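The numbering used here numbers the first residue of the sequence shown as 38 and each following residue consecutively. Built from N, CA and C at the ideal position, the CB exists for glycine as well. The structure displayed is predicted, hence computed values, not measured ones. The structure appears right after this line, and notes come after that.
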Amino acid sequence: MNTREHSYKVEALVSSLIGAIERHELPAGEKILSIRSAAEHWSVSRNTVVDAYGRLEAHGYIQAKLGSGYYVRETQKQHAQVAQSNFTAAVDVLSLLREQVNSRNALRVGDGRPPAHWMETGDVWAQVRKTDLRDLLDAERGYGDPAGFEPLRRMLARALEERGIEAPPQQILMTYGANHALDLIVRHLLAAGDKALVDAPGYYPLFAKLKLSGIEMLDVPRLPDGPDLEVLERLLMEHKPKVYFIQSLAHNPTGSSISLVKAHKLLQLAAKHNIWVVEDDAFAELLDPHIPRLASLDQLERVFYISTFSKTLSAGLRVGYIAGPRPQVAELCDLKMLTIIASSDFSERILFELLSTGHYKKHITKLQQRTQEASKQSARIMQQLGLKVHPHIEHSFYHWVELPSSCSEFELARSAAQHGIFLAPGSVFYPNRISPNPAMRLNIAYAGDAKLKTFLGSYFGLTSHKWT
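Below, the structure written as structure tokens:
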């Protein structure tokens with residue numbers, strides 16, 4: 038058995054057992070199958086069972102009793118609470134979200150956003166300062182167009198055309214950022230009990246939305262050149278999911294991008310198995326517009342394309358959009374009206390003013406340069422520490438840093454917090470909250486900070502190391 042197949046079987050067994058434990062099908066204190074019996078029951082090797090049980094034990098789901106076997110841990114209070122409802126299952130992710138929203142730790146190494154001073158380059162906001170905001174707050178406009186400010190949608194249609202995506206304004210729906218776009222699509226395409234494919238590791242706020250809606254998630258391992266297509270095809274055949282949510286370019290959290298060959302094969306599989314694909318292109322503004330997107334290859338037949346300006350202008354400017362098949366976008370607009378009536382006409386007009394100036398392009402160029410320089414510095418520092426960085430592109434905000442097998446992600450994060458440093462453990466980026474190997478997401482903007490270098494050097498026993 039090759040390593041990939043072994044890893045897949047271990048992950049499948051771990052996910053199955055966690056599900057049984059959290060649904061109380063395996064209650065606290067109950068003895069589970071022996072290694073030999075489990076291997077026979079699931080038709081896998083004993084090594085597969087040993088590795089799966091080892092992960093479950095390491096994460097507190099089961100415990101070994103000498104001479105007796107493995108038992109579901111008596112101290113399952115936390116996991117039982119997670120299993121009580123879809124709501125509490127989703128809330129588990131909120132701890133990391135709270136850390137990102139709050140500013141208790143001065144150094145935001147695990148943050149998903151670039152630092153504020155990266156957003157303050159040049160005169161990008163100068164045009165807005167000159168604008169009489171009363172003109173943007175005209176009460177006679179009411180709620181504005183439910184689909185979004187039309188001049189902005191026309192502008193976005195031209196931008197999408199540059200990316201090779203044909204989408205007239207009627208196929209574009211403005212949203213309160215990418216997360217709102219995902220929420221609308223989840224509500225529209227899926228119902229409780231449905232199955233959806235997600236990247237693993239992947240975008241953890243999406244996992245919470247899916248859990249909240251009662252959707253069963255199927256993990257597609259993320260490789261340096263995109264999703265593991267062998268696993269993807271197997272999941273498509275065995276589980277008949279309805280949707281695949283993917284960040285094809287500048288993937289969060291690994292920073293990798295899909296290869297063109299894989300992009301074509303992915304779309305072929307999607308067509309063969311008749312599923313929707315939701316492409317989240319959150320970093321589109323930083324990337325070369327001519328890089329093929331799934332949406333450009335598919336031309337919005339079965340692909341929904343999502344993007345946002347929160348990563349390049351301000352996290353507080355909650356403006357994003359969906360481009361997709363015209364009938365589906367019309368239905369999404371109806372859903373948007375039912376839930377929030379309309380998005381912010383005011384914010385969309387501000388964004389239109391920002392994009393209308395030449396300063397925005399200069400700002401993006403500066404941001405690209407900063408990102409590229411920070412990426413190189415971050416990779417160099419991690420290499421000096423002896424830590425492996427997952428293959429990545431230069432215009433992603435993130436590095437996926439693989440930690441030593443003996444390292445506990447959460448102990449590292451707790452220790453960092455005591456030093457005023459916020460880290461993001463790799464396990465958070467998996468739907469079942471179990472990482473195959475210890476890792477962390479690193480925001481490259483903070484990698485060169487002396488405080489972080491001193492802490493990591495000390496933690497990994499490199500206090501005398503000469504940093505460059």
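In this structure, does DSSP put residue i in helix, strand or coil?
i	result
residue 492	helix
residue 330	coil
residue 190	helix
residue 3	Residue 3 lies beyond the stretch modelled for the chain, which goes from 38 to 505, so this question has no answer here.
residue 81	coil
residue 371	helix
residue 198	helix
residue 476	strand
residue 399	helix
residue 144	strand
residue 91	helix
residue 278	coil
residue 62	coil
Distance, Cα to Cα, residue i vs residue j?
i	j	result
residue 491	residue 151	21 Å
residue 88	residue 316	33 Å
residue 417	residue 260	21 Å
residue 301	residue 333	11 Å
residue 114	residue 47	Any reading at residue 114 must be qualified, since the residue scores a pLDDT of 46, below 50, and its modelled position is unreliable; the value itself is stated next. Distance between the alpha carbons of residue 114 and residue 47: 25 Å.
residue 277	residue 486	46 Å
residue 246	residue 282	12 Å
residue 262	residue 470	23 Å
residue 295	residue 344	17 Å
residue 123	residue 498	Low per-residue confidence applies at residue 123: pLDDT is 44, beneath 50, and the placement is therefore not dependable, though the value from the model is reported in the following sentence. Going from the Cα of residue 123 to the Cα of residue 498 covers about 42 Å.
residue 64	residue 58	6 Å
residue 337	residue 189	20 Å
residue 327	residue 195	13 Å
residue 187	residue 249	33 Å
residue 19	residue 386	Any question about residue 19 goes unanswered here, given that the chain covers just 38 to 505.
residue 214	residue 360	13 Å
residue 90	residue 299	33 Å
residue 274	residue 292	29 Å
residue 243	residue 104	42 Å
residue 424	residue 413	14 Å
residue 352	residue 216	12 Å
residue 219	residue 314	12 Å
residue 266	residue 258	9 Å
residue 389	residue 397	11 Å
residue 354	residue 466	25 Å
residue 229	residue 464	25 Å
residue 264	residue 305	14 Å
residue 329	residue 271	26 Å
residue 507	residue 147	The first residue shown for the chain is 38 and the last is 505, placing residue 507 beyond what the model contains.
Which word fits residue i, buried or exposed, when buried means at least 16 other C-beta atoms lie within 10 angstroms of its C-beta?
i	result
residue 239	buried
residue 212	buried
residue 318	buried
residue 78	exposed
residue 290	buried
residue 322	buried
residue 53	exposed
residue 311	exposed
residue 427	buried
residue 402	exposed
residue 73	exposed
residue 284	buried
residue 375	exposed
residue 200	buried
residue 443	exposed
residue 309	exposed
residue 288	buried
What do you reckon, are the CB atoms on residue i and residue j nearer than 8 Å?
i	j	result
residue 435	residue 489	no
residue 106	residue 71	yes
residue 448	residue 474	no
residue 331	residue 303	yes
residue 51	residue 92	yes
residue 392	residue 192	yes
residue 208	residue 356	no
residue 450	residue 460	yes
residue 511	residue 280	For residue 511 there is no data in the structure shown, the boundaries of the chain being 38 and 505.
residue 411	residue 481	yes
residue 432	residue 320	yes
residue 221	residue 422	no
residue 446	residue 472	yes
residue 202	residue 342	yes
residue 145	residue 483	yes
residue 109	residue 99	yes
Can you find a CB in chain C that lies within less than 8 Å of the CB of residue i?
i	result
residue 55	The structure shown contains no chain C, having only a single protein chain.
Three Cβ pairs or more, each shorter than 8 Å: is that satisfied between the segment 378 to 388 and the segment 223 to 232? no
Three Cβ pairs or more, each shorter than 8 Å: is that satisfied between the segment 241 to 257 and the segment 404 to 416? no
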